[in-house]
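> Mapping to this note's numbering: the sequence shown position 203 is 300, numbers consecutive.
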Amino acid sequence: MPASHYVGRFAPSPSGLLHFGSLITAVGSYLQAKSKKGIWLLRIEDIDPVREMPGAATEIQNTLQAYGLQWDNTVIYQSQQSCCYEKILTQLKNLDLTYYCQCTRKNIKRNGRPYLGLCRTKQYGSKNNALRIDLSTLTPLISGFTDKLQGHIPITCTPDFILQRKDKLYAYNLAVVADDIAQGITEVVRGADIINTTGLQLALYQLLHIKAPTYLHLPLAVSAPGIKLSKQNHAKAIKIKNARATLLDALAFLGLDLNKNSAPKTCDEILNWAVKHWSIDKLPKQIEVQI
Ligand code: GLU
Numbered sequence: 098m099p100a101s102h103y104v105g106r107f108a109p110s111p112s113g114l115l116h117f118g119s120l121i122t123a124v125g126s127y128l129q130a131k132s133k134k135g136i137w138l139l140r141i142e143d144i145d146p147v148r149e150m151p152g153a154a155t156e157i158q159n160t161l162q163a164y165g166l167q168w169d170n171t172v173i174y175q176s177q178q179s180c181c182y183e184k185i186l187t188q189l190k191n192l193d194l195t196y197y198c199q200c201t202r203k204n205i206k207r208n209g210r211p212y213l214g215l216c217r218t219k220q221y222g223s224k225n226n227a228l229r230i231d232l233s234t235l236t237p238l239i240s241g242f243t244d245k246l247q248g249h250i251p252i253t254c255t256p257d258f259i260l261q262r263k264d265k266l267y268a269y270n271l272a273v274v275a276d277d278i279a280q281g282i283t284e285v286v287r288g289a290d291i292i293n294t295t296g297l298q299l300a301l302y303q304l305l306h307i308k309a310p311t312y313l314h315l316p317l318a319v320s321a322p323g324i325k326l327s328k329q330n331h332a333k334a335i336k337i338k339n340a341r342a343t344l345l346d347a348l349a350f351l352g353l354d355l356n357k358n359s360a361p362k363t364c365d366e367i368l369n370w371a372v373k374h375w376s377i378d379k380l381p382k383q384i385e386v387q388i
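Put into structure tokens, the structure is as follows:
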């Protein structure tokens, strides 16, 4: 076990294969963990079977290994973590902080977003209803947080959000907090596209009286302003056969430029070099970087 207490993670959803944007998150979180002599865990976020691409979870692992990104310990699959989510749900229910809600997205939109907690006082049962967290008692209100790269991020609103959907699937914000707690994550390094979920996750930590990890949201690779590389935008999957060149491109994006001709030959050697030279001061300061 390394001396450092740093525990980081990479948490891809297997709704598609790794693309250049997800590689940046994988490399950034790996280098941040390894430069602190910490451990780097892999969690496959296969919480929503409908969105899952068959074979993607295995392919993601093969790709990470081909790029030299070897995780520590065994891989966690969210689909096998129900006990952990139930435990947190029970805690929140016992604190009287949850309620069942019948509102659909459509009628929330009609009543004016954000969700105003209309079902808080109605005693709906679990059948065909989503379970929400009641954030009306949150004190102090979360007004913002300090991101290690982006600085102060204000949070203007934390509406009651869904913990468990009406089809009984666990919601992302519940699962991510439950897993980060269970895995002892000390710092979350992920893409800035989900920076807005952080306030909701911090609310859960506060209600559970558990110390939250620190956060570092990496800049996003975009193909044009506002168009991030994503599965939804059909970003191309990265190839195993181009691993060395693509890894060098990802490092250049993260502020670690290495000459392609004189750089080490293998991904492992390149990553060893990158761990030694990694510094968050070298990262691009803007939230989007066009590639
Ligand atoms: N599973 C999410 C994704 O693939 C990342 C969640 C997180 O890092 O908190 O975008």
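Glycine residues also receive a C-beta, built at the ideal position from the N, C-alpha and C atoms.
Beta-carbon within less than 7 angstroms of P99's beta-carbon, same chain only, minus the 5 sequence neighbours each way: which residues are those?
Against the sequence shown, residue 99 aligns to sequence position 2. In this prediction, P99 has a pLDDT of 47, which is less than 50 and means its spatial position is unreliable; what the coordinates show is noted afterwards. Once the five neighbours on either side are set aside, the close Cβ partners of P99 are K134, G135 and I136.
> Please classify R262 as buried or exposed, where buried requires at least 16 neighbouring CB atoms within 10 angstroms.
In the sequence shown, the residue the question calls residue 262 occupies position 165. With fewer than 16 other beta carbons inside 10 angstroms of its own, R262 counts as exposed.
> Quick one: measure Cβ to Cβ for D277 and C181, integer angstroms, because I've assumed they're closer than 8 angstroms.
Residue mapping note: residue 277 aligns to position 180 of the sequence shown, counting from 1. Residue mapping note: residue 181 aligns to position 84 of the sequence shown, counting from 1. About 11 angstroms separates the two Cβ atoms, so there is no contact after all.
> Hey, out of K362, L353, A309 and Q177, whose CA is closest to L128's CA?
By one-based count along the sequence shown, residue 128 stands at place 31. L128 has its Cα closest to that of L353, out of K362, L353, A309 and Q177.
> Taking a cut-off of 5 angstroms, which residues have a beta-carbon closer than that to any heavy atom of the ligand GLU, in chain order?
A108, P109, S110, E142, V273 and R287
> Would you mind reading off the limits of the beta strand (DSSP E) that contains Y196?
In the sequence shown, residue 196 corresponds to position 99, counting from 1. Segment T195 to C198, the beta strand (DSSP E) holding Y196.
> Closest to S327 by CA distance: which of L355, S359 and D290 is it?
Start at 1 with the first residue of the sequence shown, and residue 327 comes out as number 230. When each option's Cα is compared against that of S327, the closest is D290.
> What three-state label does DSSP hand A108 in the structure shown?
Start at 1 with the first residue of the sequence shown, and residue 108 comes out as number 11. In this structure, A108 counts as coil in the three-state DSSP scheme.
> Find the nearest neighbour of T236 within the set L301, N208 and R229, judged by alpha-carbon distance.
Looking up residue 236 in the sequence shown gives position 139. With distances taken between Cα atoms, T236 lies closest to L301.
> Taking the CB atoms as reference points, tell me whether A371 and H116 lie closer together than 8 angstroms.
Numbered from its first residue, the sequence shown carries residue 371 at position 274. Numbered from its first residue, the sequence shown carries residue 116 at position 19. Not closer than 8 angstroms, so no.
> Give the single residue among A318, A268, A163 and K379 whose Cα lies nearest to the Cα of S179.
Looking up residue 179 in the sequence shown gives position 82. Answer by Cα proximity: A268.
> Along the chain, where does the beta strand (DSSP E) containing R287 start, and where does it finish?
Taking the first residue of the sequence shown as position 1, residue 287 is located at position 190. DSSP places R287 in the uninterrupted beta strand (DSSP E) bounded by E284 to G288.
> Would you list the one or two residues that DSSP bridges to R140?
To locate residue 140, count along the sequence shown from 1; it is residue 43. DSSP output for R140 lists I173 as bridge partner(s).
> Could you work out which residue in D231, V273, S223 and K265 is closest to L139 when comparing CA atoms only?
Indexing the sequence shown from 1 puts residue 139 at position 42. Cα-wise, what sits closest to L139 is V273.
> Is K373 buried or exposed, if buried means 16 or more other CB atoms sit within 10 Å of its CB?
Residue mapping note: residue 373 aligns to position 276 of the sequence shown, counting from 1. Looking at its Cβ environment, which holds fewer than 16 other Cβ atoms inside 10 Å, K373 is exposed.
> Kindly indicate which three-state DSSP category G118 falls into: helix, strand or coil?
Stepping through the sequence shown from its first residue, residue 118 is reached at position 21. G118: helix per DSSP, three-state reduction.
> To the nearest angstrom, report how far apart L260 and Q175 are at their CA atoms.
Position 163 of the sequence shown, counted from the start, is the residue given in the question as residue 260. Position 78 of the sequence shown, counted from the start, is the residue given in the question as residue 175. When rounded, the separation of the alpha-carbon atoms in L260 and Q175 is 15 angstroms.
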